[in-house]
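Down below is the structure, laid out as structure tokens.
Number of protein chains: 2
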Amino acid sequence: MSDTRPIGIFDSGVGGLTVVREVLRRLPHERVVYFGDTARVPYGTKSNRVVQSFAVQDTLFLLRHDVKMIVVACHTASSVALDHLTQLFRLPILGVVEPGVSAALKATRNNRVGIIGTRGTIHSKTYERLLKERRKEVTVVATACPLFVPLAEEGWLDGEVVRMVARIYLDSMIRGKVDSLILGCTHYPLLFPVIQEQMGSEVVLIDSAEEMAAGVEERLKKDGIENRNSGPPEHTFYVSDIPHQFREIGERFLGREMESVTQVDLESADLIHPAEIHDARVK
Amino acid sequence: MSDTRPIGIFDSGVGGLTVVREVLRRLPHERVVYFGDTARVPYGTKSNRVVQSFAVQDTLFLLRHDVKMIVVACHTASSVALDHLTQLFRLPILGVVEPGVSAALKATRNNRVGIIGTRGTIHSKTYERLLKERRKEVTVVATACPLFVPLAEEGWLDGEVVRMVARIYLDSMIRGKVDSLILGCTHYPLLFPVIQEQMGSEVVLIDSAEEMAAGVEERLKKDGIENRNSGPPEHTFYVSDIPHQFREIGERFLGREMESVTQVDLESADLIHPAEIHDARVK
């Protein structure tokens, strides 16, 4: 009656920890295994083919940890690789695009929705397509904001530079009169105040992490794979690199201390093949 | 009397094409095989251990193409992985740090030298150590400028944002009264005008690519491995990813058209082992 296997969550880096935070808040009995591909971050500037290949490797890595569900916390991977993953694998795989789209359609009053994200996400038109499928009278304004990620990672969350960059990137959103704006990248919630200031207080900013956690809960119930055990679950965090400022950035995203983080040897992570899923263990 | 094998040049991405340009200009008889690790770019934000592992894979890839020399065009890899590579491999391996240091020591009159680069490069203190080893009375001012790479890739080479970022990053250089400044990243020459404007016209900016090409020539002569064949050599370019704006950025760096670029399958590139060097061929 209780499925104690963990939920696997992956992202191109640490940004997906905002999704982990919401999942843990909403589902305190669930165990999480997280993988951040910090050695190959970012995904947002890379081709669909390469992101799909990375996403398969990330999924195979999590499958080694006997997960019951995969959450793709990365918007780029959700936009360009989710169909690929769901065609390949049997277990439930949830992306962040669908929850963001639902939240935006709930929020908008004038049916003018904005979406900002990486080049990969925007170029894929996945958000745009899904918004229009779900409500054909909606008008979508989409803009790639490539400098938002390095600004957030540099910790320049405030001040003249980020304001000026936000002004340039968000100009089309203001001219397009959107009344809800999807933050289509896990880094962007860090720039929430600057983006809100630029857009004006009436515009609803959609951070998909919260909506995502609700979607996870719903799916666990639907499939009858909730963890009903009490007792504090143990979460595990894996990354493919631990650069200097890793913990600092990671804890800013997660909103709490990271007890232990394990660096996965790239060689072994790269060498995972489907046949090994059930018998291999990461060093 | 003539060694027709190519020179192997690698970088984390397309930035190293500025080095290719200078090598081709200076050594028109030499063939070049280039590898840009565009699937895992950037290296500058990652740990030494991961960059060393990538650098070994990049070198092994070039060795498959029977190169006579390796040029590490990436400043981060040159700073944190060159010793590792020269300890592992027999063939001559040249980095970009040494030529930059020589040029700066030639240029400075007040013995106050600035160095800007990625976090990885600056954190390694490789430039600093080498400058002081070569001239102990030199004062070094070092600053990481993480936003310069995304700004250059975004094509924001001019205008208010890049000026403001340059003003913030270069403030310590101006206060430190450096009279020569090493551009310690292959992307930075694209920002040459903005950096020069900020530093003032008396400060000499050191772009290591030219000096690097001179170093390559010298080493080829010393080892007696020059290519004396006439006839136009054929160059080959490999990358691990071809994202949307690849050709545009690449040709901006190379300063001429790229005839053909081959995408290397990540899986096979990752699976290179020393034993395979001489019998394996990339798909």
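Respectively, the protein sequence lines represent chains A and B. For the numbering used here, add 28 to where a residue sits in the first sequence, where the first one is 1. For the numbering used here, add 28 to where a residue sits in the second sequence, where the first one is 1. C-beta atoms are modelled at their ideal positions from N, C-alpha and C, and glycine is treated no differently. Just so you know, these numbers come straight off a predicted model, no measurement behind them.
#1: Mind reading off the beta-carbon distance from arginine 191 (chain B) to alanine 67 (chain A)? Whole number of angstroms is fine, and I expect it under 8 Å.
#2: So which residues of chain B does threonine 73 (chain A) contact, with C-beta pairs closer than 7 Å?
#3: Using a Cβ-Cβ cut-off of 7 Å, state whether arginine 68 (chain A) counts as contacting chain E.
#4: Anyone know if the C-beta pair for arginine 140 (chain B) and valine 206 (chain B) falls short of 7 Å?
#5: Could you give the residue range of the beta strand (DSSP E) that holds arginine 140 (chain A)?
#6: Which term fits glutamine 115 (chain B), buried or exposed, when burial requires 16 or more other beta carbons within 10 angstroms of its beta carbon?
#7: Mind checking whether leucine 45 (chain B) and glycine 243 (chain B) have CB atoms under 7 Å apart?
#8: Would DSSP call leucine 209 (chain B) helix, strand or coil?
#9: Using the rule of at least 16 other Cβ atoms within 10 Å of the residue's Cβ for burial, across every protein chain shown, is arginine 59 (chain A) buried or exposed?
#10: Tell me the DSSP secondary structure of isoleucine 253 (chain B) in three-state form.
#11: Where aspartate 65 (chain A) and serine 208 (chain A) are concerned, what is the direct C-alpha to C-alpha distance, given to the nearest angstrom?
#12: Out of A:Thr290, A:Pro271, A:Asp186 and A:Ile37, state which residue places its alpha-carbon closest to the alpha-carbon of serine 152 (chain B).
#13: Short of 8 Å in beta carbon distance, which residues of its chain neighbour leucine 185 (chain A), apart from the five on each side in sequence? Order them along the chain.
#14: Among the residues of its own chain, which have a CB less than 6 Å from the CB of alanine 131 (chain B), if the five just before and after it don't count?
#15: Run the CB neighbour count on glutamate 181 (chain B), radius 10 Å, all protein chains shown included, and call it buried at 16 or more, exposed below.
#16: Following the continuous alpha helix (DSSP H) through tyrosine 216 (chain B), name the residue where it begins and the one where it ends.
#17: Using a Cβ-Cβ cut-off of 7 Å, state whether valine 222 (chain B) counts as contacting chain A.
#18: For isoleucine 121 (chain A), report the span of its alpha helix (DSSP H) as first-last.
#19: Does glutamate 279 (chain B) come within less than 7 Å of chain A when only Cβ atoms are used?
#20: Spatial neighbours of aspartate 269 (chain B) within its chain, please: CB distance less than 6 Å, with the 5 preceding and 5 following residues excluded, ordered by chain position.
#21: Can a CB atom of chain A be found closer than 7 Å to the CB of glutamate 276 (chain B)?
#22: Along chain A, which residues have their Cβ under 7 Å away from the Cβ of leucine 52 (chain B)?
#23: Under the three-state reduction of DSSP, which class applies to tyrosine 62 (chain A): helix, strand or coil?
#24: Return the first residue and the last residue of the beta strand (DSSP E) that alanine 67 (chain A) is part of.
#25: Would you say methionine 192 (chain B) lies against chain A (beta-carbon separation less than 7 Å)?
#26: Glutamate 156 (chain B) and alanine 135 (chain B) - do their beta-carbons sit closer together than 7 Å?
#27: Please work out which residues of its chain come closer than 8 Å, Cβ to Cβ, to glutamine 291 (chain B), disregarding the five sequence neighbours upstream and downstream, and give them in chain order.
#28: When the distance is taken between beta carbons, is serine 106 (chain B) closer than 7 Å to valine 78 (chain B)?
#29: List the endpoints of the continuous beta strand (DSSP E) containing valine 231 (chain B).
#30: Can the beta-carbon of arginine 118 (chain A) be found less than 7 Å from the beta-carbon of glutamate 245 (chain A)?
#31: Using a Cβ-Cβ distance under 7 Å, would glutamate 156 (chain B) count as near chain A?
#32: Within the continuous alpha helix (DSSP H) that includes valine 47 (chain A), where are the two ends?
#33: For chain B, check one thing: does any of its Cβ atoms lie closer than 7 Å to the Cβ of glutamate 225 (chain A)?
#34: Which residues does DSSP pair with valine 267 (chain B) in a beta bridge?
#35: Between valine 124 (chain B) and chain A, is the shortest Cβ-Cβ distance under 7 Å, so that the two count as touching?
#36: Helix, strand or coil for phenylalanine 89 (chain A) per DSSP?
Per the coordinate set shown:
#1: Separation of the CB atoms of arginine 191 (chain B) and alanine 67 (chain A) is rounded to 33 Å, and the pair is thereby denied contact status at 8 Å.
#2: Taking a Cβ-Cβ cut-off of 7 Å, the neighbours of threonine 73 (chain A) in chain B comprise Pro271, given in sequence order.
#3: Checking the listed chains, one finds no chain E in this structure; the protein chains it contains are A and B.
#4: For the pair arginine 140 (chain B) and valine 206 (chain B), the CB atoms are nearer than the 7 Å cut-off.
#5: That run of the beta strand (DSSP E) goes 140-145.
#6: So glutamine 115 (chain B) counts as exposed.
#7: No. Outside cutoff.
#8: Leucine 209 (chain B): strand per DSSP, three-state reduction.
#9: Buried is the call here.
#10: Of the three classes helix, strand and coil, the one that applies to isoleucine 253 (chain B) here is coil, per DSSP.
#11: For aspartate 65 (chain A) and serine 208 (chain A), the distance between alpha carbons rounds to 30 Å.
#12: When the alpha-carbon of serine 152 (chain B) is set against those of A:Thr290, A:Pro271, A:Asp186 and A:Ile37, the nearest one is in A:Pro271.
#13: Cβ neighbours of leucine 185 (chain A) within its own chain (closer than 8 Å, five residues either side excluded): Leu179, Leu218, Leu219, Pro221 and Val222.
#14: Closer than 6 Å at the Cβ level, and outside the excluded window around alanine 131 (chain B), lie Ile234 and Glu239.
#15: Glutamate 181 (chain B) comes out buried.
#16: Counting along the chain, tyrosine 216 (chain B) falls outside any alpha helix (DSSP H), and DSSP gives it neither H nor E.
#17: For valine 222 (chain B), not one C-beta of chain A is nearer than 7 Å to its own C-beta.
#18: Note, isoleucine 121 (chain A): premise wrong, no alpha helix (DSSP H); beta strand (DSSP E) at 121-123.
#19: No, because no Cβ of chain A sits closer than 7 Å to the Cβ of glutamate 279 (chain B).
#20: By the criterion of a C-beta distance shorter than 6 Å, aspartate 269 (chain B) is surrounded in its chain by Thr66 and Ala67, once the five residues flanking it on both sides are discounted.
#21: By this cut-off, glutamate 276 (chain B) is not an interface position.
#22: Residues of chain A passing the Cβ test: none, with the nearest at roughly 27 Å.
#23: Strand at tyrosine 62 (chain A).
#24: Per DSSP, alanine 67 (chain A) lies in no beta strand (DSSP E) segment and is marked neither H nor E.
#25: At least one chain A Cβ lies under 7 Å of methionine 192 (chain B).
#26: Taking 7 Å as the Cβ cut-off, alanine 135 (chain B) and glutamate 156 (chain B) do not qualify as a contacting pair.
#27: Cβ within range, chain order: Tyr266, Val267, Ser268, Asp269 and Ile270.
#28: The answer is no: Cβ separation not under 7 Å.
#29: From DSSP, valine 231 (chain B) is part of no beta strand (DSSP E); its letter is neither H nor E.
#30: Glutamate 245 (chain A) sits away from arginine 118 (chain A), with the two beta carbons spaced by 7 Å or more.
#31: Under the Cβ distance rule, glutamate 156 (chain B) does not count among the residues neighbouring chain A, no pair being separated by less than 7 Å.
#32: The continuous alpha helix (DSSP H) containing valine 47 (chain A) extends over residues 45-54.
#33: For glutamate 225 (chain A), the answer is no, since every Cβ of chain B falls outside 7 Å of its Cβ.
#34: BP columns for valine 267 (chain B) point to B:Gly64 and B:Gln291.
#35: Not an interface residue.
#36: Phenylalanine 89 (chain A): helix per DSSP, three-state reduction.
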